[in-house]
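Quick note: the sequence shown uses UniProt numbering, first residue 1, plus one each step. For glycine and all other residues, C-beta sits at the position ideal for the given N, C-alpha and C. Since this is a predicted model, take the numbers as computed values, not measurements. Some notes on the structure that comes next.
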Amino acid sequence: MLEPSPVLLLIYVVIPALLSALVLYAVVRFGVKHGMRAYYSEVGRKPGD
């Protein structure tokens with residue numbers, strides 16, 4: 001069986017893994033930012049509002 005070239009490994013494994021990690025980071029980062037904003041908005045309200 002032929003050995004895969006390092007360039008193909010880079011193209012098919014490393015780059016998609018890095019892109020997936022970047023997308024996941026962005027989703028979590030913006031989700032946490034929005035969640036914290038909603039939390040502090042809720043905490044600032046008076047009970048019953």
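In the displayed model, R45 falls within coil according to three-state DSSP, outside both helix and strand.
A38 and V23 have their C-alpha atoms roughly 22 Å apart.
Going by DSSP, L9 is part of the alpha helix (DSSP H) stretching over 6 to 9.
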